[in-house]
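Numbering follows full-length UniProt numbering, with no gaps: position 4 of the sequence shown is 4.
Beta carbons are placed, not taken as given, at the ideal position from N, Cα and C, and that holds for glycine.
Okay, so here's the structure we're looking at.
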Amino acid sequence: MALDADWTRRWIALVADRIAERKAELSHLDRDIGDGDHGENLDRGFTAVRSRLADLDADATPGAILKLVATTLISTVGGASGPLYGTAFLKAAMAAGDAATLDDDLVAVLAAARDGIVARGKAEPGDKTMVDAWTPAVDAAAAAPDAVAALAAAADAAEAGAKATEPLVARKGRASYLGERAIGHRDPGSESTALILRAAADA
Ligand code: ADP
Ligand code: MG
Ligand code: MG
């Protein structure tokens with residue numbers, strides 16, 4: 001299977017579908033330790049992405065698609081997650097360049113996304129943010145034998161990483177204002193990252 005432009009479009013469409021389905025759940029997580037808007041923020045962004053993707057040239061490369069996702073998220077998603085995911089998709093687009101498929105560059109693309117989030121948000125692993133899903137995902141992808149296995153391994157690791165945020169105290173973002181009261185709650189951004197990477201594996 002090639003991770004070509006059709007795959008990239010299927011991936012992003014699946015993300016948009018699943019965010020719409022799980023919007024309330026993501027916002028509920030954010031209500032527990034934030035301001036309750038994470039699902040709405042991402043749904044607004046990916047709804048705009050879906051409509052702009054339909055107008056993109058039929059022969060757009062994976063990199064051009066990822067760049068459109070980035071610019072759309074930056075301009076439509078309020079809150080912390082907009083610039084963070086926007087930067088992730090922008091750096092991923094830069095790593096993809098004008099290649100027709102992402103197979104050979106998949107680990108570099110995922111690592112670039114994660115590095116973009118870290119550069120922008122300055123969170124470290126263990127700070128109870130989306131970085132806690134991205135970092136094990138990139139590590140698992142790097143250890144996988146091929147691109148398809150890497151996507152599955154990244155999704156599994158991101159889901160485990162999201163779950164592992166539950167016992168943590170947050171050191172970045174709104175949840176950091178809660179101190180120990182954040183303990184026992186899953187970070188919403190780590191959960192949306194797991195959703196995005198599971199969609200990549202399923203696409
Ligand atoms: P806001 O907190 O502005 O309402 P969202 O609710 O959309 O924005 O996104 C919150 C998520 O953003 C958190 O769950 C966390 O995963 C992520 N986040 C917040 N700050 C940072 C940061 N500095 N670095 C990485 N991720 C962060
Ligand atoms: Mg929020
Ligand atoms: Mg907010």
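Just confirm the distance between the C-beta atoms of residue 205 and T193, as a whole number of angstroms; I'd bet it's less than 8 Å.
Past the edges of the chain, shown from 1 to 203, lies residue 205, and the structure says nothing about it.
I12 and I65 - do their beta-carbons sit closer together than 8 Å?
Their beta carbons are under 8 Å apart, which means I65 touches I12 by this criterion.
Locate the alpha helix (DSSP H) running through G69, then write down its first and last residues.
The sequence shown places Val at residue 69, not Gly. It spans 62-76 - the alpha helix (DSSP H) in which V69 sits, taken as one unbroken run.
Run the CB neighbour count on K91, radius 10 Å, all protein chains shown included, and call it buried at 16 or more, exposed below.
Within a 10 Å sphere around the beta-carbon of K91 sit 16 or more other beta-carbons, which makes this residue buried.
Test item: CB-CB of R18 and A199 under 8 Å:
Yes, Cβ-Cβ distance for R18 and A199 is below 8 Å.
Look at R120 and P83 and say whether their C-beta atoms are less than 8 Å apart.
Yes. Within cutoff.
Please name the residue, chosen from A113, D4, R22, D32, that lies closest to Y177 on a Cα-to-Cα basis.
With distances taken between CA atoms, Y177 lies nearest to D32 out of A113, D4, R22, D32.
What are the start and end residues of the alpha helix (DSSP H) that includes L53?
Per DSSP, L53 belongs to the alpha helix (DSSP H) from 38-54.
Would you list the residues sitting across from T101 in a DSSP beta bridge?
Per DSSP, D4.
At what residue ranges does the stretch 83-166 contain a whole run of the alpha helix (DSSP H), taking only runs of 4 or more?
The alpha helix (DSSP H) runs of length 4 or more contained entirely in the stretch 83-166 are, from start to end of the chain, 106-121, 131-142, 147-163.
Using a strict less-than 6 Å threshold between each residue's beta carbon and the heavy atoms of ligand 2, what residues do you get?
Listed by chain position, these are D30, G34, D35, D37, H38, G79.
Under 7 Å from any heavy atom of ligand 1, does the C-beta of V138 make it?
Outside the cutoff, so no.
Assigned exposure category for S190 - 16 Cβ within 10 Å defines buried
That one is buried.
Please tell me whether, using a cut-off of 7 Å, the distance from the CB of V131 to the nearest non-hydrogen atom of ligand 1 is below it.
It does: the Cβ of V131 is within 7 Å (strictly closer) of some heavy atom of ligand 1.
Which of the three DSSP states is assigned to V15 in this structure?
Three-state result, V15: helix.
CB E166 to CB R186, shorter than 8 Å?
Cβ distance < 8 Å, so E166 and R186 count as in contact.
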